[in-house]
Ligand code: IPT
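Numbering (the working numbering), first residue to last: 33 to 1014.
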């Protein structure tokens, strides 16, 4: 026990937390322009918009944002604070309407201020607030006077609250949510809770009212349900049963308008009937086993930071719905209250998280962790109470999360007890409750498959070695194993990737005890910044002069900060799709819906070598859990295929009765081969007569000493030979917990165990893969072929590989066979095996027959489909905050490159594997650039023809690439026909 003294939250004028509802009582928004002073920075004097963060826009005298993940930006010395504590004074005056002064109370509500505020009215102190993203109300009735009243809010960036708000995000001080002055008439409603439930067997809804007021009687009306009841007193609040209600769910978010009124006030809310529970270790919603196909959502905007904007949030939620997301964890704090209204309306299951994270204490071995120090308990209880009370009416909220990454301790148990006592119908979640002492769902982060297997084993440790969960007793393990299992974070979507979405989904779908998962995370938090040359760019940690920061880790979303969707999102949508197409001789459309029929538009097409020859469309209704077959006259076209590949593609989309923003959005796509390509006819290579210095095979010119391409038709080519290097992805650079490199089970760790082992990029660099050079080539000539053998290695190391290029001419086209053979120095994993051709700078475009149109890697190719695809070079790579390997296309059969001013190139794969990427920068240039604007002026267009490519994984935070997606040194061969484009 320490003698730690933490000043408790101040309650002098603080109002008991209550639910957010629409009221007919008077309210005055104090959003808008306020006078602003930043203490000690006279140049910053002026005005400021409320809500906003005073450090946004970036790069002004008002200071800058700072990004840290778990490390605290201040000394860890609670309750002490740094002497230098940016403090701002916000001032404005307000005229209180006369009608407010005759009776009732006047409250000042602040929805979000980071991190501490002192409030003064008319020069007199009203009180203070803590809990940056929690609602707070002060009763200022006795401080206001008729006419103008000066309101002064003094906001300091650091406070004792800072020790509880160490989330992985920007430190962004300011009044960033609404400020409202509220009149509470005599007899108004102090709190309204219509606690609902749904009985799936009888189809009845239930409302348990819990209303606080001095204004009894209270009338409750739900016109659509025929409910109109009056409660005479607090003790008279009987449960109301409503027969035949439409339940609320993500699939059909049915809401009913309710009005609750006293003589003093009438409030309205939209309620939904639904029940969640745990039965036999399965998470059940409305009687069915629920699957959360969720994302972690932060409040973030590249210019506004955490300031709410309804249009922006709506479009974000619509984007989620269009990509089959059905659940949100509000990482790591309650969002703006409107977000819950919108989640009710759009249909998302919400895990609502309290504004609590003490992660930085981990770096000092959790000494003094507020989660366990009694002196902090009032703060933690205050936080969970503010969280639960504000949003308790929302149908979408199925669970309360105590917070994120706050270690373990008694205060968390006390929070859980409080939440369960207050709201017994929702489930409490907290990831670090390893012994399952007080939570109802067993939550984990970034589990590897081995982790999941350990949990579902009959006995033994519930986690792999090193994870704190593996230390629990047998009894605790038994208790944990009785709960639903839920990765509240998995699939770290940082940079190119994440790999493995489809693999996880297969495991989750197959096991009813896994309640789904929440991918990390929805959107990058990068903030708009301006470079010295005036260019704007998306900034991350370190771009704003921070001494301590965590760099690019702030950019780990499926959507970039400025709204560009990643291939990861497309892959996610395809992998988790609730309605799925498949082919078994007919198109089969199957619904995984739990509750509702689905109206879908189905299209199918048959393509011969990428050209559609037969197409059809139909609209269908599929019952929940049902499936429908659609006959397709496939055999009609097979006769004309002539040895060309034939594919059938079936697509399911939201039908015309969907809301406009959803209509036509792809739900799922399936493909099946109907006929494989016929064998390439054996043709006799042309006999070569007296080959000289520069060789010619068809239209391809080849260096007679090295076998390198020097030109194709009129195009000059700089053939850089074999490359094993790719610009490391964020996952290649990561030290995430799981490390399969070692091939030792004890090194396969659960997440959260810290940095383990070198990153892939470090190992590749150490092996010299970024700097391999060729040996002097040997050439041997045959009657119809010229063969070049080159060994490749890095200075100081044993040779890595031998590359044999065999050139021939077949039917007036160049035929190149490349054989790669690992040599003594080949070990571990290689990023890629490619041939690097530098083409002239130009506006190249590519059309290819193969997997596309988006990038694909062996562990991210669920959404890519076989077809004839076309992209400009600019479109081949999506915007990236941090340049890295991306844009690889796999399973390429033919590739044609064109540029307006040059003769194009045709490549046809005759045998072996072929992938490609085309970018204005080389892997080496991408490797060293921190931001897109730091990339050099292009000096070439870089075409990489890949024989093999390593997977992506999720090791920026989670598990590494799975062994089955490793590129281990091995013999590889590809045969290509190359020529100027015809
Ligand atoms: C995990 C955090 O909960 C989350 O906020 C975010 O920081 C994520 O990592 C990485 O982007 S904590 C991790 C140590 C498992």
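Note that the Cβ used here is the ideal one computed from N, Cα and C, for glycine as well. From a predicted model like this one, the values you see are computed outputs, not experimental measurements.
Looking at the structure shown, is residue 970 part of a helix, part of a strand, or coil, going by DSSP?
Locating residue 970 in the chain shown gives position 938, counting from the first residue. The answer is coil: DSSP assigns residue 970 none of H, G, I, E or B.
With DSSP as the reference, label residue 487 as helix, strand or coil.
By 1-based counting over the chain shown, the position of residue 487 is 455. In the structure shown, the three-state DSSP call for residue 487 is helix.
Is DSSP giving residue 378 helix, strand or coil here?
In the chain shown, counting from the first residue as 1, residue 378 sits at position 346. Reduced to three states, the DSSP call for residue 378 is helix.
If I follow the unbroken beta strand (DSSP E) through residue 651, where does it start and stop?
Locating residue 651 in the chain shown gives position 619, where the first residue counts as 1. Here the beta strand (DSSP E) through residue 651 covers 643 to 654.
Go ahead and pull the three-state DSSP assignment for residue 506.
As a working mapping, residue 506 is identified with position 474 in the chain shown. Shown here, residue 506 sits in a helix according to DSSP, grouped into three states.
First and last residue of the alpha helix (DSSP H) that includes residue 536?
Your numbering for residue 536 matches position 504 in the chain shown. Looking at the DSSP string, the run of the alpha helix (DSSP H) that includes residue 536 is 533 to 542.
Quick one: what does DSSP say residue 916 is sitting in, helix, strand or coil?
Within the chain shown, numbered from 1, the residue matching residue 916 stands at position 884. Coil at residue 916, not helix or strand.
Grab me the residues of residue 197's own chain with a C-beta within less than 7 Å of its C-beta, minus the 5 sequence neighbours each way, in chain order.
By 1-based counting over the chain shown, the position of residue 197 is 165. Closer than 7 Å at Cβ, skipping near neighbours: 147, 164, 387 and 389.
So residue 103 and residue 392 are supposed to be a Cβ contact under 8 Å. How far apart are they, rounded?
Your numbering for residue 103 matches position 71 in the chain shown. Your numbering for residue 392 matches position 360 in the chain shown. Rounded to whole angstroms, the Cβ separation of residue 103 and residue 392 is 6 Å, and the two are in contact under 8 Å.
Length of the line joining the Cα atoms of residue 397 and residue 151
Within the chain shown, the letter at position 365 stands for residue 397. Within the chain shown, the letter at position 119 stands for residue 151. Spanning the two alpha carbons is a distance of roughly 37 Å.
In the structure shown, what three-state DSSP assignment does residue 242 receive?
Start at 1 with the first residue of the chain shown, and residue 242 comes out as number 210. DSSP places residue 242 in the strand class (E or B) of the three-state scheme.
In this structure, how does DSSP classify residue 115 when only helix, strand and coil are distinguished?
Taking the chain shown and counting its residues from 1, the one referred to as residue 115 is at position 83. If DSSP states are grouped into helix, strand and coil, residue 115 belongs with coil.
Between residue 365 and the ligand NAP, is there a pair consisting of the residue's CB and a ligand heavy atom that are separated by less than 8 Å?
Summarising the ligand content, the structure contains the ligand IPT and does not contain the ligand NAP.
Coarse secondary structure for residue 392, derived from DSSP in three states
Within the chain shown, the letter at position 360 stands for residue 392. Helix at residue 392.
Span separating the alpha-carbon of residue 378 from that of residue 611
To locate residue 378, count along the chain shown from 1; it is residue 346. To locate residue 611, count along the chain shown from 1; it is residue 579. Distance between the alpha carbons of residue 378 and residue 611: 18 Å.
Residue 216 lies in the beta strand (DSSP E); which residues open and close that run?
Mapped onto the chain shown, residue 216 falls at position 184. Note, residue 216: beta strand (DSSP E), 211 to 216.
Just reading off the beta strand (DSSP E) that residue 477 is part of, what are its end residues?
Position 445 of the chain shown holds residue 477. For residue 477, the enclosing beta strand (DSSP E) starts and ends at 474 to 477.
Quick check: the Cα distance between residue 786 and residue 760, rounded to an integer number of angstroms?
Here the question's residue 786 lines up with position 754 in the chain shown. Here the question's residue 760 lines up with position 728 in the chain shown. Because residue 786 sits at a pLDDT of 43, beneath the cut-off of 50, its placement in the model cannot be relied upon, and the following sentence gives the value as read from the coordinates. Answer to the nearest angstrom: the Cα atoms are 21 Å apart.
What do you get for residue 505, buried or exposed, if any count of 16 or more other CB atoms within 10 angstroms of its CB means buried?
Position 473 of the chain shown, counted from the start, is the residue given in the question as residue 505. The residue is exposed, with fewer than 16 neighbouring Cβ atoms inside 10 Å.
Cβ pair residue 292, residue 253 closer than 9 Å
Taking the first residue of the chain shown as 1, we reach residue 292 at position 260. Taking the first residue of the chain shown as 1, we reach residue 253 at position 221. Contact flag set, yes.
Applying the 10 Å Cβ sphere with the 16-neighbour rule, what's the burial state of residue 835?
By 1-based counting over the chain shown, the position of residue 835 is 803. So residue 835 ends up on the buried side.
Would you report the Cα separation of residue 212 and residue 542, rounded to the nearest angstrom?
Locating residue 212 in the chain shown gives position 180, counting from the first residue. Locating residue 542 in the chain shown gives position 510, counting from the first residue. Taking the straight line from one Cα to the other gives about 49 Å.
Quick one: grab the DSSP three-state call for residue 578.
Looking up residue 578 in the chain shown gives position 546. Of the three classes helix, strand and coil, the one that applies to residue 578 here is coil, per DSSP.
Assign residue 1002 to buried or exposed, taking buried as 16 or more other Cβ atoms, counted over all protein chains shown, within 10 Å of its Cβ.
Here residue 1002 refers to the residue found at position 970 when the chain shown is read from its first residue. That one is exposed.
Among the candidates 337, 128 and 686, whose CA atom is the shortest distance from the CA of residue 209?
For the purposes of this step, residue 209 is taken as residue 177 along the chain shown, with counting starting at 1. Ranked by how close their Cα comes to the Cα of residue 209, the residues 337, 128 and 686 have 337 in first place.
For the structure I just gave you, are there three or more beta carbon pairs, one from the stretch 720 to 733 and one from the stretch 804 to 822, closer than 8 Å?
Result yes; three or more Cβ-Cβ pairs closer than 8 Å.
Take residue 460 as the anchor and find which of 477, 435, 481 and 339 has the nearest alpha-carbon.
By one-based count along the chain shown, residue 460 stands at place 428. Checked all of 477, 435, 481 and 339; the closest Cα to residue 460 is 435.
Between residue 524 and the ligand IPT, is the CB less than 8 Å from at least one heavy atom?
Reading the chain shown from its first residue, position 492 is the one you call residue 524. Checking the 8 Å criterion, the Cβ of residue 524 is within range of a heavy atom belonging to the ligand IPT.
Continuous beta strand (DSSP E) stretch holding residue 869: start and end
Start at 1 with the first residue of the chain shown, and residue 869 comes out as number 837. Here the beta strand (DSSP E) through residue 869 covers 864 to 871.
Best match in 912, 470 and 661 for proximity to residue 616 [C-alpha to C-alpha]
Within the chain shown, residue 616 is the residue found at index 584, counting from 1. Of the listed residues, the one whose Cα sits closest to residue 616 is 661.
Drop a sphere of 10 angstroms on the beta-carbon of residue 217, count the other beta-carbons inside from all chains shown, and report buried for 16 or more, exposed for fewer.
Numbered from 1 along the chain shown, position 185 holds the residue referred to as residue 217. By the C-beta density criterion, residue 217 is buried, having at least 16 other C-beta atoms within 10 angstroms.
Is it the case that the stretch 584 to 598 contacts the stretch 520 to 529, given that we only count it when at least three CB pairs across the two stretches are under 8 Å?
Result yes; three or more Cβ-Cβ pairs closer than 8 Å.
Residue 685 in three-state terms, based on DSSP:
Here residue 685 corresponds to residue number 653 of the chain shown, with the count starting at 1. The DSSP-derived three-state label of residue 685 is strand.
Presumed contact (8 Å Cβ cut-off) between residue 364 and residue 385, rounded CB distance:
Against the chain shown, residue 364 aligns to sequence position 332. Against the chain shown, residue 385 aligns to sequence position 353. Indeed, because the Cβ distance is near 5 Å, the residues count as touching under 8 Å.
The ligand IPT heavy atom lying under 8 Å from the CB of residue 99
Locating residue 99 in the chain shown gives position 67, where the first residue counts as 1. Not so, every heavy atom of the ligand IPT lies at least 8 Å from the Cβ.
Ordered along the chain, which non-local residues of its own chain (more than five positions away) have a Cβ less than 8 Å from that of residue 951?
Here residue 951 refers to the residue found at position 919 when the chain shown is read from its first residue. In its chain, beyond the 5 residues on either side, 905, 908, 909, 919, 958, 973 and 974 have a beta carbon closer than 8 Å to the beta carbon of residue 951.
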